[in-house]
Amino acid sequence: QKEVEQDPGPLSVPEGAIVSLNCTYSNSAFQYFMWYRQYSRKGPELLMYTYSSGNKEDGRFTAQVDKSSKYISLFIRDSQPSDSATYLCAMSDRGSTLGRLYFGRGTQLTVWP
Amino acid sequence: GAGVSQSPSNKVTEKGKDVELRCDPISGHTALYWYRQSLGQGLEFLIYFQGNSAPDKSGLPSDRFSAERTGGSVSTLTIQRTQQEDSAVYLCASSLDALTGRGRLNTEAFFGQGTRLTVV
């Protein structure tokens, strides 16, 4: 079993839809939870991060972490064609330094106009 | 430049040859990572450098892979006797990897564009 599981999709939604992306994990030591967005033939870029459990909102994006269930989510409201990309969840179990990041496989999202 | 720079952007090599991939991190970033991304797969951790600490090499898939970071800045990933299964995009990232004023980690890792390696 991989430490981080993520459904690769692909996921295809119409413009304006609410998108839900999820990851599960097995390591209860994970403390930092991140979502990266990767456009085709580009490197990933950090979208949001959350420390421990809870919600975090940034514009149309909301990240949720449920440590009791070892489950994290990213919600995209009012999705746009420019949101079409691969979304990767990532996690870290360190405290004073970030250390290696554990990535999911990524979910490929297409938002059609 | 302001971002992480990787070279070459593309590399085609014959099976059995050695290759060197270069990464120039963002100036001042103490942490540097190498990851590998195969088609349809997530990012596979290879190695992590943090300041003067011993690197975390736990992700290197075989002894054909090695990496060094000179002067705490530029890093080179070397693959010896390349195999077809080594074909992938090799991504380098760097981060400040420091605590913020609130005692939390600055978690943002900045990735380069990657080197697309094809072994034929």
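Chains as they are written, first to last, in my numbering: chain G, 26 to 138; chain A, 17 to 136.
For each residue, glycine too, the CB sits at the ideal point set by N, CA and C.
Range covered by the beta strand (DSSP E) that runs through residue i
{"i": "Lys33(A)", "result": "Premise fails: Lys33(A) is in no beta strand (DSSP E) and is neither H nor E."}
{"i": "Ala88(G)", "result": "86–91"}
{"i": "Pro39(G)", "result": "36–39"}
{"i": "Arg85(A)", "result": "81–85"}
{"i": "Val29(G)", "result": "29–31"}
{"i": "Leu93(A)", "result": "91–95"}
{"i": "Ala47(A)", "result": "47–53"}
{"i": "Ser23(A)", "result": "21–23"}
{"i": "Ala125(A)", "result": "125–127"}
DSSP-derived helix/strand/coil call for residue i
{"i": "Ser107(G)", "result": "helix"}
{"i": "Asp40(A)", "result": "strand"}
{"i": "Glu60(A)", "result": "strand"}
{"i": "Asp102(A)", "result": "helix"}
Per DSSP, cross-strand counterpart(s) of residue i
{"i": "Arg72(A)", "result": "Note that residue 72(A) corresponds to Asp in the displayed sequence, not to Arg. In DSSP, Asp72(A) forms a bridge with Tyr64(A)."}
{"i": "Leu107(A)", "result": "Tyr51(A)"}
{"i": "Arg132(A)", "result": "Asn26(A), Val105(A)"}
{"i": "Ala115(G)", "result": "Met59(G), Phe128(G)"}
{"i": "Ile101(G)", "result": "Val44(G), Phe86(G)"}
{"i": "Leu134(G)", "result": "Leu36(G), Ala110(G)"}
Interface flag, residue i vs chain A, CB-CB below 8 Å
{"i": "Arg125(G)", "result": "yes"}
{"i": "Phe86(G)", "result": "no"}
{"i": "Gly68(G)", "result": "yes"}
{"i": "Phe128(G)", "result": "yes"}
{"i": "Gly212(G)", "result": "Because residue 212(G) is not part of the residues shown, which for chain G are 26 to 138, the question remains open."}
{"i": "Leu113(G)", "result": "yes"}
{"i": "Thr33(G)", "result": "First, the amino acid is wrong: residue 33(G) is Pro here, not Thr. For Pro33(G), the answer is yes, since a Cβ of chain A falls inside 8 Å of its Cβ."}
{"i": "Gly131(G)", "result": "yes"}
{"i": "Leu71(G)", "result": "yes"}
8 Å Cβ cutoff, residue i in contact with chain G
{"i": "Tyr106(A)", "result": "no"}
{"i": "Gly87(A)", "result": "no"}
{"i": "Gly44(A)", "result": "no"}
{"i": "Phe127(A)", "result": "yes"}
{"i": "Leu59(A)", "result": "yes"}
{"i": "Asp72(A)", "result": "yes"}
{"i": "Gly32(A)", "result": "no"}
Within-8 Å CB hit, residue i to chain B
{"i": "Glu124(A)", "result": "Of the protein chains in the structure, G and A, none is chain B."}
Practice item. Enumerate, from N- to C-terminal direction, the unbroken beta strand (DSSP E) stretches of 3 or more residues contained entirely within the region 46–97 of chain G. Key: 57–63, 70–76, 79–83, 86–91
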